[in-house]
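I have placed the structure first, in the form of structure tokens, so that the comments after it can refer back to it.
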Amino acid sequence: MNNIFKYLLWTVLISLISGQLHAALRVETTTQDLAAIAKVIGGQHIEVHSLTSGTRDPHFAVAKPSMIRRVFRADLLLVIGADMEIGWLPPLLQSSRNSRVQPGNPGYLDLSEVVTLLGKVQGSISRAMGDVHAKGNPHYWLDPHNGIQMAKAITGRLTQLDPGHAIDYTTNFNAFKSKINSKLPDWKKALQHLKGKPVITYHNSFVYLANAFDFNIIDEIEPIPGIAPSASSLSSLITEIKTKQIDLLLIEPYYERRSAQYLKQQTGIQVAVIPQSVGAQSNIQNYVDLFDSIIDVLQLEENN
Amino acid sequence: MSFIPHPLLAMFFVSGIFLINPATINAAENSKLIRQQLLELEKQMQSQQKDYQTQIDNLEKRLNESAVAKTNVPATTNPLNIGLSGLFTAGGSSVDNAALANLQAGGHDPNKNGFTVQNVELSIGAIVDPYFDAQANIIYLINAQGETVVELEEAYFSSRSLPWGLQVKGGQYFTEFGRQNKQHPHTWAFVDQPVILSRFFGGDGLRSQGVRASWLMPTDWYSEIYFGMQNPKGETVTSFLNAAGEEVGGHTLIDRNARGLGDLLYSTRWLNGFDLSDTMSMNIGVSGLWGPNASGNTTDTEIYGADLYLKWQSSRSQRGYPFIAWHTEVLKRRYEAGDPGDANPETLKDWGMFSQVSWGFTPGWVAGLRWDYATADGNTSSDPLRDTRKRLSPNLTWYLSEYSKIRLQYNRDSAEHLAEKTADSLWLQFEFSIGSHSAHTF
């Protein structure tokens, strides 16, 4: 009897310890785009979860208590950086009491540091200019070339934290890179009709997309970043659309459509609602889906 | 540049190895040959790899060329977060300033007809080192007498990475009791603080010097327990050892000091957070306070509270809108007034609650409605801090940006101690916030 008890105790202990040893790496990300890339690289060796949903504007998330719990348990935290999460991540990190994922430690990876940021502000800036990100425009995941850079950095960090699965991570990265590189020519071909064209957006979130696919964003509906349009800013935009013959307006799904509808009414400009993130629509499950969907929307615009 | 595909190349060499492997060639020569051929194979593969790499590099180079030249970003040198926020109100009431001082008992409430500088707050915070964070909040305000008041509102350190989900905080800080008490005036959803908080915790909220530990429990949901001890004496520890000479329920307060560990102010809080769905989240908490009070030498006070916060946010929110937030707190106080040998020892029982809804209906615009209720046992109708009091406050706030807001609030008061029994007040509030980006509070 005593022996059976001992046996049971040892079994429980060993399974607990081995469970600890073999537990998948817990990865938390601030956006679903990061989660999607990490999932591809990490495969079954990681448990990945995004703190925000792709249907919402990641700049305006609020630090919920459930997030504290998640960051507390995380082994690796992936962030967009460039002040994207400035409103909610600092208090979250402060109350997470998890030293592994604090900036400077291997469990914290800011992906804005591995890509070339556009829209860095030269000279002095003030808040009179609206929500200007001094460090550069943080919507960089919308360029598939950057996706490869992000995946590369994530691969490196996963390898550092979990060297035992380094081969799998590298294999997954190579597969991801080939997939994107093989898709790129198709995507570019599909958006041939936009090449060099002037385009208007709601917020300055699509500069990387424009850069990747060679179209020109010449203005935004927001008169300055983060400030809603007024009647007078819209009317000057109408003049601009007419004189510069702009016929495409890009808008994220979460922005109000009234201004865009009004511009469409006044000028006939086409309005394309671009899913800006993985998870923005239920059919966008991964990073490749994201561009497939964006290209779908922009191709439809051509056919209209 | 063309290549022999991998498998073919490999087969060629493998068969080559077999072909040139007759027994006539001695072993040394054989291995030399194989080594040479392997080297060649390696070279071929390297050049193939190099070619792929060049293709990728070209793509990357193209990207970098089109981008702004990469400048060397200096590593941020452990920056101080410094911010200043100013809160100003203009307005008036159907009652005079003396009556208004009782109705708007919060130290940062608009409390006189005309203009009020409610709160100018300088906050400085930073990460100290890998072990601690530190924060100080210094307040400037102009009181009803027109005098400038400077307060060290908070100054504390908190641990960053203790094991097992523990955190320690020490210094001068707002006691974690309920949800509202530790909020600073510029984050309030209304221009003034709830009536019951002014009654139990005074004009400035419950704050004092001490330490507290909290434990983030290993549950599947967010669950945190706080336990703290603080000095029970001072003007910001109302209901405990505060303001000698003043009266609570007709009992004059004496100058009493804490004489031992048993005389400290003990606080505890258990806070739970749940995500009910993708769009709904809930916080539910209970809190308790135990400490000595100054109505006698052996008298104690107990305060209990429960708080509930529910928030809905649209799954397609723009700048965080639309949302609906509902915040309710109930508080109860048991106050032993007077020592057993005194003329009239008694136990004062007070309770009250507030319930408020904020509806962010379109980006930048929030409509709010708050209902306040406070009452006490016994004949308290002439005591402005213990009578039965109701207040209904609708308001409308326009956030011009993340850094400024304008708020209009109407208060309909009904208080037994007032000669008129009711009062109507209208306040227009303005806030600015400069310096480091403040957090979006949940």
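Protein chains in written order, with this note's numbering: chain A, 83 to 386; chain B, 2 to 443.
Idealized CB from N, CA, C, for every residue including glycine.
Alpha-carbon spacing of residue i relative to residue j, whole angstroms
i      : j      : result
A/Q274 : A/I230 : 22 angstroms
B/Q210 : B/Q173 : 4 angstroms
B/F433 : A/G125 : 47 angstroms
B/N138 : B/L85  : 10 angstroms
B/N243 : A/E129 : 53 angstroms
A/K88  : B/P219 : 27 angstroms
B/R468 : B/R208 : There is no way to answer for residue 468 of chain B, as the model of chain B reaches only from 2 to 443.
B/T423 : B/R413 : 7 angstroms
B/M12  : B/L42  : Its pLDDT being 44, under 50, B/M12 is placed unreliably by the model, and the measurement read from it follows with that caveat. So the two alpha carbons sit approximately 11 angstroms from each other.
B/W428 : A/L200 : 45 angstroms
B/W291 : B/T269 : 9 angstroms
A/I123 : B/G261 : 59 angstroms
A/N219 : B/K234 : 51 angstroms
B/V150 : B/G108 : 11 angstroms
B/L1   : B/A375 : Only positions 2 to 443 of chain B appear in the structure, and residue 1 of chain B is not among them; the question remains open.
A/I328 : A/K270 : 21 angstroms
B/R387 : B/H252 : 13 angstroms
B/G274 : A/L319 : 45 angstroms
B/E225 : B/W352 : 26 angstroms
A/H227 : B/S159 : 41 angstroms
B/R161 : B/G171 : 13 angstroms
B/G246 : B/R257 : 11 angstroms
A/Y369 : A/P188 : 24 angstroms
A/I323 : A/A294 : 23 angstroms
B/I255 : A/T137 : 59 angstroms
Proximal chain B residues relative to residue i, where beta-carbon distance stays under 7 angstroms
i      : result
A/T137 : S316 and R317
A/Y337 : Q319
Chain-ordered chain A contacts of residue i [CB-CB under 7 angstroms]
i      : result
B/R320 : D139 and F142
B/N284 : P147
B/G274 : K146, P147 and S148
B/R180 : The contacting residues do not exist; B/R180 stays about 11 angstroms from chain A at best.
B/Y223 : P147, S148, I150 and R151
B/P80  : Ordered by position in chain A, no residue passes the 7 angstroms Cβ test against B/P80, which lies about 11 angstroms from the chain.
Amino acids of chain A, ordered along the chain, whose beta-carbon sits closer than 9 angstroms to that of residue i
i      : result
B/Q463 : A question about residue 463 of chain B goes unanswered here, because the residues of chain B that appear run from 2 up to 443.
B/D134 : Q176
B/L217 : I150, R151, F154, S177, S178 and R179
B/D279 : S135 and T137
B/P1   : Only positions 2 to 443 of chain B appear in this structure, which leaves residue 1 of chain B out of reach.
Exposed unless 16 or more other CB atoms sit within 10 angstroms - verdict on residue i
i      : result
B/M1   : With chain B covering 2 to 443 only, the question about residue 1 of chain B has no answer from this structure.
A/A313 : exposed
B/S288 : buried
B/F362 : exposed
B/D425 : exposed
B/L81  : exposed
A/D225 : buried
A/L330 : buried
A/A233 : buried
B/L349 : buried
A/D268 : exposed
A/V197 : buried
B/G206 : buried
A/D378 : exposed
B/R371 : buried
B/W189 : buried
8 angstroms contact criterion, which residue i and residue j should meet: CB distance rounded
i      : j      : result
B/Y336 : B/N294 : 6 angstroms
A/L160 : A/L116 : 4 angstroms
B/A100 : B/L419 : 6 angstroms
A/L193 : A/G163 : 6 angstroms
B/V196 : B/E421 : About 17 angstroms; that fails the 8 angstroms criterion.
A/G212 : A/P307 : 4 angstroms
B/G339 : B/T300 : 7 angstroms
Beta-carbon neighbours of residue i, restricted to chain B and to distances below 8 angstroms
i      : result
A/I236 : Within 8 angstroms Cβ-Cβ: nothing; A/I236 doesn't reach chain B, min ~17 angstroms.
A/P305 : Going along chain B, no residue has its Cβ under 8 angstroms from A/P305, so there is no contact; the nearest lies around 12 angstroms.
Cross-chain neighbours of residue i in chain A, by beta carbon under 8 angstroms
i      : result
B/Y404 : R209
B/Y411 : Those do not exist, as B/Y411 stays about 26 angstroms from chain A at its closest Cβ, beyond 8 angstroms.
B/R161 : Q176, R179, S181 and Q184
B/P364 : A310 and E338
Chain-ordered chain B contacts of residue i [CB-CB under 9 angstroms]
i      : result
A/Q363 : By Cβ distance, chain B contributes nothing, its closest Cβ being about 11 angstroms from A/Q363, past 9 angstroms.
A/R108 : In chain order: nothing, as chain B lies at least about 14 angstroms away.
A/G308 : R320, S402 and E403
#### Entry: Length at least 3, wholly inside the region 314-396 of chain B: the beta strand (DSSP E) runs in chain order
322-338, 347-363 and 366-377
### Query
Residue ranges of each beta strand (DSSP E) run of no fewer than 3 residues wholly in the region 324-364 of chain A, ordered along the chain?
330-333 and 352-355
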